[in-house]
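Undergrad: First residue of the sequence shown: 1, per our numbering; consecutive thereafter. Here you go, one structure.
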Amino acid sequence: SSHFGSSTSPVLCIIPQLVLFLTAMSTVAEQLNLINSKVLALQTDIDDTKANYDESLDTIWMLLASMLVFFMHSGFSLLEAGSVRFKNTQNILAKNLIVVTIGFLCWYLIGYPLAFGAVDEPGKVSGGTNFLMIGFWNAKSTFRFWLFQGAFCATGGTIVSGAMAERTKLKGFGTFTVLMTSIIYPLVVYWIWSGYGFLNYTDDSGKQVSVIGPPFMDFAGSGVVHMVGGIGAICGAIIVGPRKDRWSESHANAFDAHSVPFCVLGTFFLWFGWYGFNCGSTLGMTTTSQGTMAAQVAMNTTLSAAACGLVVLALRFAIFRKYDIGGMCNGILAGLVSITAPCGNVECGSAVFIGIIGAFIYQGSSLLLQKLKVDDPIDAFAVHGACGAWGVLAAALFDWGTGMDYFNGWSGWSCVGAPDCASGAWGEAFVANILEIITIASWTAFFSILIFLPLRLAGLLRADDETQSKGMDVAKHSPSKAYAMTSDSAAAA
């Protein structure tokens, strides 16, 4: 009996210990499950916090860029007001205000839906949803995008106003502005920036392409924005005709800019706002690549503007043997327009060369228009049209893909200096950008002529000679002058 008890007692002793062990393991398992659930909850909180942080940062960045682009209208207003005679100052300022107010309302009603409102099965020509912002509440990040792109839209009409200054009726210009911001500009945007248009869309394999192969490259709008405005400007300037006595030799000095300080301040305002225009086109600021790209874009923007402005100053001095500050202002703007398309895919040295070549294109275009007696008071076509086309070409010519074979384009930093992109794409991309220039020029010219010509024939576009002699401010505005001037200076102006 004692032998049996002594042989089984160890087993009996193990059972309680085993029970305690299993109980402890159960407790540990519960604790591990609790810790795991807390870790998962913490990870969810971290992910939510990061998502909220990214969304907030992108919103702050886009709002800042939108405000800078909006501020550019202050620059346009000062530049155009300074470039005209003082008796037409209020009139040109009124046109700038009309462009912004009408432009944003048209963008709200129809412009944005045509430009970015892609339907379930999108076509290659136009969008068709989000009228009156319907659907925005389901994707609230669209609010910031709408504001940024709307500020771009108004810019096209402002470019046209300067080219037709001092002899254009408000009712005719307002009519054009409605159609520019509702149809002309939005459709160009859809073709190129929506991701569905025939110049830039995603094929079935997920590759970004156009109807002829590679997509066009226009990072911030040398073609989309500035060429549209520039082509509309020259069509308007030709159809409305020159200002009274503009090409009379006896009145050669009567059309000089009345305020060079306004022109210089307007240029600096525009240059400052251009950083929102170009850098903001990253459309976000939550990744390292977006941050470095924005910095690269800012650097290129600065260098091109500086180079172009100085070269134009030198060219004007070589031609006229005098320093032309107004010309230098337009040279700076020409450099900004020239770099707007390629700012995201060229190196800093290329940006300088783009600005230098842009100076010659601007100066040549300006002299050509004068030779042809096309009256463009602020050189809108030379700055925005000619240099806009050059910027589109430069985006292909100076692309930082390896050599003359590989093309980087929209790839950011992914194939800079290395053959990670498709071989042979450079030539195809160059052709694609030429197609963009032809398409934008043809579409904008056709529609602009279709609007301006009937307005001119109906007497709704050009102010009569008597009104031009008095000045648009005296004839059409109250008060009759923009600011007080002495009688002697007013008579001289």
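Just so you know, even glycine gets a beta-carbon here, dropped at the ideal spot from N, CA and C. These numbers were taken from a predicted model, which means no experiment stands behind them.
#1: Just to confirm the assignment, what range does the beta strand (DSSP E) spanning THR175 have?
#2: Which residues in the same chain as PHE198 place their Cβ atom closer than 8 Å to its Cβ, once the five residues preceding and following it in sequence are excluded?
#3: Indicate whether GLY344 and VAL297 have their beta-carbon atoms separated by less than 8 Å.
#4: If I measure Cβ to Cβ from TRP107 and keep anything under 7 Å in the same chain, skipping five residues before and after, which residues do I get?
#5: Could you give the DSSP three-state label for GLY195: helix, strand or coil?
#6: Helix, strand or coil, according to DSSP, for GLY162 in the structure here?
#7: Exposed or buried, CYS348, counting other C-beta atoms within 10 Å across all chains shown (16 or more means buried)?
#8: Assign LEU457 to one of two classes, buried (16 or more other C-beta atoms within 10 Å of its C-beta) or exposed (fewer than that).
#9: What are the partner residues of SER56, as DSSP defines its beta bridges?
#10: Please return the same chain residues whose Cβ sits closer than 6 Å to the Cβ of THR155, not counting the five positions on each side in sequence.
#11: GLN208 bridges to which residues according to DSSP?
#12: CA-CA distance, PRO261 and GLY82?
#13: Where does GLN17 land, buried or exposed, given buried means 16+ other C-beta within 10 angstroms?
#14: Buried or exposed: where does TRP247 fall if 16 or more other Cβ atoms within 10 Å of its Cβ makes it buried?
#15: As a quick exercise: from THR23, GLN43, MET472 and PHE71, pick the residue whose alpha carbon is nearest that of TRP271.
#16: First and last residue of the alpha helix (DSSP H) that includes PRO261?
#17: Between the C-alpha atoms of GLY25 and ALA41, what's the straight-line distance to the nearest angstrom?
#18: Are there three or more Cβ pairs, one per stretch, closer than 8 Å when the region 110-124 is compared with the region 251-259?
#19: Per the contact definition of three or more C-beta pairs closer than 8 Å, is the region 332-339 in contact with the region 280-294?
#20: Measure the alpha-carbon distance for SER77 versus ILE46 and round it to whole angstroms.
#21: For a test of the three-state rule: what should DSSP assign to GLY213, helix, strand or coil?
#22: Would you say the beta carbon of GLN31 comes nearer than 7 Å to a heavy atom of the ligand NAP?
#23: By DSSP's criteria, ARG462 is part of a beta bridge. Which residues make up the other side?
#24: Less than 8 Å between the C-beta atoms of VAL312 and MET328, yes or no?
#25: When burial is assigned at 16 or more other CB atoms within 10 Å of the CB, is SER430 buried or exposed?
#26: Assuming MET227 and ALA389 make a contact with CB atoms under 8 Å, what is their CB distance in whole Å?
TA: In brief:
#1: Note, THR175: premise wrong, no beta strand (DSSP E); alpha helix (DSSP H) at 170-179.
#2: Here the set comprises LYS124, VAL125, TRP191, SER210 and VAL211.
#3: A distance below 8 Å separates the beta carbons of GLY344 and VAL297.
#4: Result list for TRP107: GLY150, CYS153 and THR181, in chain order.
#5: GLY195 falls in the coil class under three-state DSSP.
#6: If DSSP states are grouped into helix, strand and coil, GLY162 belongs with the helices.
#7: Burial call: exposed.
#8: Answer is exposed; the Cβ neighbour count stays below 16.
#9: None, per the DSSP bridge assignment.
#10: Excluding sequence neighbours, THR155 sits near VAL225.
#11: DSSP lists THR202 as the bridge partner or partners of GLN208.
#12: Going by the C-alpha atoms only, they are around 7 Å apart.
#13: Counting Cβ neighbours within 10 Å, GLN17 comes out exposed, since fewer than 16 surround it.
#14: Label assigned to TRP247: exposed.
#15: The option with the nearest alpha carbon to TRP271 is PHE71.
#16: That run of the alpha helix (DSSP H) goes 260-279.
#17: According to the sequence displayed, residue 25 carries Met and not Gly. Answer to the nearest angstrom: the Cα atoms are 24 Å apart.
#18: Fewer than three pairs of CB atoms, one per stretch, sit closer than 8 Å, so the region 110-124 makes no contact with the region 251-259.
#19: Taking a contact to require three or more Cβ pairs closer than 8 Å, the region 280-294 and the region 332-339 do not qualify as touching.
#20: The C-alpha of ILE46 is placed about 47 Å away from the C-alpha of SER77.
#21: Strand at GLY213.
#22: No copy of the ligand NAP occurs in the structure displayed, which carries no ligand at all.
#23: ARG462 pairs with THR168.
#24: Contact flag set, yes.
#25: Residue identity check: residue 430 is Phe in the sequence provided, not Ser. In this structure PHE430 is buried. Its beta-carbon is surrounded by 16 or more other beta-carbon atoms within 10 angstroms.
#26: Yes, they are in contact, since the Cβ atoms of MET227 and ALA389 sit about 6 Å apart, within 8 Å.
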